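Q: This is the structure, below, for whatever I ask next.
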Amino acid sequence: MDMGGGYLTDGKIYFGERDVAAEYWSPNGGVNFANGMVRYDMHPDFLKEFTSSEYMKVYDTKGKDGAPRIEWTIPVDKFDRFNELVMKRTWIPYGEKG
Numbered sequence: 003m004d005m006g007g008g009y010l011t012d013g014k015i016y017f018g019e020r021d022v023a024a025e026y027w028s029p030n031g032g033v034n035f036a037n038g039m040v041r042y043d044m045h046p047d048f049l050k051e052f053t054s055s056e057y058m059k060v061y062d063t064k065g066k067d068g069a070p071r072i073e074w075t076i077p078v079d080k081f082d083r084f085n086e087l088v089m090k091r092t093w094i095p096y097g098e099k100g
């Protein structure tokens, strides 16, 4: 499972699947975000632990081939567990596909 982004506000960290995360990057890091994103390759247990409506929001099904566009909201006190489930992190510069 891949996800990108990572933005802290209100004691929560926001991550989205690639289509959602890509909405927040720009060539010069505009909209208060970086000029790229971090791709997180997650352990399958992430979906077991973070799929409740408390953590996961499905925006629509306008992703590639009708895939759902999803954002996760992880409270800061759950971030250690999130990090335990990260298998790999990769920086994706603006304009590159990851």
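Numbering (the numbering used here), first residue to last: 3 to 100.
For each residue, glycine too, the CB sits at the ideal point set by N, CA and C.
Remember, predicted model here, so these are calculated numbers, not experimental data.
Quick check for students: name the residue ranges of the beta strand (DSSP E) that lie wholly in the segment 30-71, counting only runs of 3 or more.
A: List check, beta strand (DSSP E) in window: 38-44, 58-62.
Q: Quick one: Cα of K66 to Cα of E25, how far?
A: Counted from its first residue, the sequence shown places residue 66 at position 64. Counted from its first residue, the sequence shown places residue 25 at position 23. Looking at the two C-alpha atoms, the distance is approximately 14 angstroms.
Q: What separation, rounded to the nearest whole angstrom, lies between the Cα atoms of D62 and A23?
A: Translated into the one-based positions of the sequence shown, residue 62 becomes position 60. Translated into the one-based positions of the sequence shown, residue 23 becomes position 21. Between D62 and A23, the C-alpha separation is close to 14 angstroms.
Q: Express the C-alpha separation of F84 and K50 in angstroms, rounding to a whole number.
A: Indexing the sequence shown from 1 puts residue 50 at position 48. Indexing the sequence shown from 1 puts residue 84 at position 82. Cα-Cα distance, rounded: 12 angstroms.
Q: For F38, which residues of its own chain have a beta-carbon under 7 angstroms away from its beta-carbon, when the five flanking residues on both sides are left out?
A: For the purposes of this step, residue 38 is taken as residue 36 along the sequence shown, with counting starting at 1. One detail in the question is off: residue 38 reads as Gly in this sequence, not Phe. The residues are W27, W93, I94, P95, Y96.
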